[in-house]
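Note that the UniProt record's numbering has the sequence shown beginning at 1, numbered continuously upward. Working notes, structure below.
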Amino acid sequence: MESPFKGDVLKGKVALLTGGASGIGFEISRQFGIHGASIAVMGRRKSVLDSAVSSLQSLGIPAVGFDGDVRKQEDAKRVVESTVKHFGKLDILVNAAAGNFLVSPEDLSPNGFRTVLDIDSVGTFTMCHEALKYLKKGGPGRRSSSGGLILNISATLHYTASWYQIHVSAAKAAVDSLTRSLALEWGTDYDIRVNGIAPGPISDTTGMSKLSPEEISSKAREYMPLYKLGEKWDIAMSALYLASDAGKYVNGTTIVVDGGLWLSRPRHIPKDAVKQLSRTVENRSRATPVGLPTSKL
Ligand code: HXC
Numbered sequence: 001m002e003s004p005f006k007g008d009v010l011k012g013k014v015a016l017l018t019g020g021a022s023g024i025g026f027e028i029s030r031q032f033g034i035h036g037a038s039i040a041v042m043g044r045r046k047s048v049l050d051s052a053v054s055s056l057q058s059l060g061i062p063a064v065g066f067d068g069d070v071r072k073q074e075d076a077k078r079v080v081e082s083t084v085k086h087f088g089k090l091d092i093l094v095n096a097a098a099g100n101f102l103v104s105p106e107d108l109s110p111n112g113f114r115t116v117l118d119i120d121s122v123g124t125f126t127m128c129h130e131a132l133k134y135l136k137k138g139g140p141g142r143r144s145s146s147g148g149l150i151l152n153i154s155a156t157l158h159y160t161a162s163w164y165q166i167h168v169s170a171a172k173a174a175v176d177s178l179t180r181s182l183a184l185e186w187g188t189d190y191d192i193r194v195n196g197i198a199p200g201p202i203s204d205t206t207g208m209s210k211l212s213p214e215e216i217s218s219k220a221r222e223y224m225p226l227y228k229l230g231e232k233w234d235i236a237m238s239a240l241y242l243a244s245d246a247g248k249y250v251n252g253t254t255i256v257v258d259g260g261l262w263l264s265r266p267r268h269i270p271k272d273a274v275k276q277l278s279r280t281v282e283n284r285s286r287a288t289p290v291g292l293p294t295s296k297l
């Protein structure tokens, strides 16, 4: 699909994306590059990095790949520094690296729980921490009078509760909290904007194939407000909005891009029962004077 944004909205910007060589992360890399940014991608798999970089370069996008694991502080530091060495500065950090698998709480070992928090939450903080000195207003290589941008890829799982996702829900809740805290502190002190995007089910991603095999996802479509899966493009366009000047007053928010799905998880109380319950409560409160102690109800 054609982008509604002008081709130069990110002209001259340098972006580093963890998990930027595959899935949603790669589509953000591609769209940022198409709209004028130079792109550094970080990931654990060399072959995936190499193919992402050549694909970006074939579009004329200045691109480089650095292998590294966001769980290792020395990798985070090295990759941030290498990006600045390669392109001269850093304007945008996108934290898209994540880990996931379906497992019930009783089958999840504490180490499995910790692994996902290490990648998603601690990894996001570590990258932000290492990138701070380059992103802050007046940081090395920054000619612009403003600070940079951090974009954290989150989820909607923790807005309610999600089966077999206790680890990821906890991890993404922490990511959203980081987004708000850093937006407050680094927005005030360093003019850095920190925002998030919470994607819903996005077709053709590892997340979808791991979390929602085809037979489940076609069933899920029955209760999806827009009756379809999202596309990686949808997430990349929201990222472009936040990264461009269009988003210059947006700070500390996580944009939900899910077609309204999180509002419509399957009901555990059938609709008729809710209706009945609601009428009973209404009738009871009409018959009961206001202020009566609830023990009398
Ligand atoms: C139960 C599991 C498990 C599983 C791993 N573990 N897989 N437990 N069920 N399926 C446990 C292990 O037993 C181990 O604990 C601990 O987790 C660490 O496992 P390792 O395999 O050693 O970890 P590692 O090699 O570092 O791999 C990390 C990983 C892996 C998260 C497990 O899947 C990964 O690298 N994923 C990255 C790619 C990815 O998942 N992308 C999807 C993102 S989708 P013990 O106790 O045995 O030592 C996404 C969508 C979010 O983020 C929301 C969507 C709505």
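Heads up, the beta-carbon is just placed ideally off N, CA and C, and yes, glycines get one too. These numbers were taken from a predicted model, which means no experiment stands behind them.
(message) Are the CB atoms of residue 103 and residue 65 within a distance shorter than 8 Å?
(response) Along the sequence shown, read from residue 1 onward, the residue named residue 65 stands at position 65. Along the sequence shown, read from residue 1 onward, the residue named residue 103 stands at position 103. Going by C-beta atoms, residue 65 is not nearer than 8 Å to residue 103.
(message) Suppose you measure from the CA of residue 108 to the CA of residue 266; what does that come to, to the nearest Å?
(response) Locating residue 108 in the sequence shown gives position 108, where the first residue counts as 1. Locating residue 266 in the sequence shown gives position 266, where the first residue counts as 1. Straight-line Cα distance between these residues: approximately 24 Å.
(request) Name the one or two DSSP bridge partners that residue 338 has. (result) Here the chain comprises residues numbered 1 to 297, so residue 338 is not present and cannot be evaluated.
(message) Can you tell me where the beta strand (DSSP E) holding residue 66 begins and where it ends?
(response) Counting from 1 along the sequence shown, the entry for residue 66 is found at position 66. Unbroken beta strand (DSSP E) run through residue 66: 63-67.
(message) For residue 243 and residue 164, I'd like the C-alpha separation in whole angstroms.
(response) The residue labelled residue 243 in the question sits at position 243 within the sequence shown. The residue labelled residue 164 in the question sits at position 164 within the sequence shown. Each residue's Cα considered, the two are about 33 Å apart.
(message) Spatial neighbours of residue 46 within its chain, please: C-beta separation below 7 Å, excluding the five flanking residues on both sides.
(response) Taking the first residue of the sequence shown as position 1, residue 46 is located at position 46. Cβ within range, chain order: 67.
(request) Could you spell out where the beta strand (DSSP E) holding residue 15 opens and where it closes? (result) Translated into positions along the sequence shown, residue 15 becomes position 15. Looking at the DSSP string, the run of the beta strand (DSSP E) that includes residue 15 is 14-18.
(request) Would you check if there are 3 or more beta carbon pairs closer than 8 Å linking the region 171-186 to the region 223-236? (result) no
(message) I'd like the list of long-range same chain contacts for residue 33, defined as Cβ closer than 7 Å, with 5 residues on each side in sequence excluded.
(response) Position 33 of the sequence shown, counted from the start, is the residue given in the question as residue 33. For residue 33, where only same-chain residues beyond five positions count, the Cβ hits under 7 Å are 39, 56, 59, 61 and 63.
(message) With distance defined between alpha-carbon atoms, name the residue in 85, 245, 201 and 276 nearest to residue 256.
(response) Locating residue 256 in the sequence shown gives position 256, where the first residue counts as 1. That would be 201, whose Cα lies nearest to the Cα of residue 256.
(message) In the DSSP assignment, the beta strand (DSSP E) including residue 208 goes from what residue to what residue?
(response) Stepping through the sequence shown from its first residue, residue 208 is reached at position 208. Where residue 208 is concerned, there is no enclosing beta strand (DSSP E), although the alpha helix (DSSP H) it sits in stretches over 206-211.
(message) Less than 7 Å between C-beta atoms, sequence neighbours within five positions excluded: which residues of the same chain meet that for residue 49?
(response) Along the sequence shown, read from residue 1 onward, the residue named residue 49 stands at position 49. Closer than 7 Å at the Cβ level, and outside the excluded window around residue 49, lie 21, 41, 43, 65 and 67.
(message) Give me the pocket residues for the ligand HXC, defined as CB within less than 5 Å of any heavy atom, sorted by chain position.
(response) 98, 99, 100, 101, 103, 109, 111, 112, 115, 155, 206 and 207
(request) Report the residue from 152, 248, 75 and 134 whose alpha carbon sits nearest the alpha carbon of residue 97. (result) Position 97 of the sequence shown, counting from 1, holds the residue named residue 97. It is 152.
(message) For residue 236, which residues in the same chain have their Cβ closer than 6 Å to its Cβ, ignoring the five residues on either side in sequence?
(response) Position 236 of the sequence shown, counted from the first residue, corresponds to residue 236. Cβ within range, chain order: 27, 28 and 31.
(message) Less than 8 Å between the C-beta atoms of residue 186 and residue 175, yes or no?
(response) To locate residue 186, count along the sequence shown from 1; it is residue 186. To locate residue 175, count along the sequence shown from 1; it is residue 175. In this structure, residue 175 does not lie closer than 8 Å to residue 186 by Cβ.
(message) Can you look up residue 100 in the DSSP assignment and give me helix, strand or coil?
(response) By 1-based counting over the sequence shown, the position of residue 100 is 100. Residue state, collapsed to three classes: coil.
(message) By the three-class DSSP mapping on this structure, what secondary structure does residue 38 have?
(response) Stepping through the sequence shown from its first residue, residue 38 is reached at position 38. Three-state result, residue 38: strand.
(request) List the DSSP bridge partners of residue 43. (result) Indexing the sequence shown from 1 puts residue 43 at position 43. The partner list for residue 43 (beta bridge, DSSP) reads 67.
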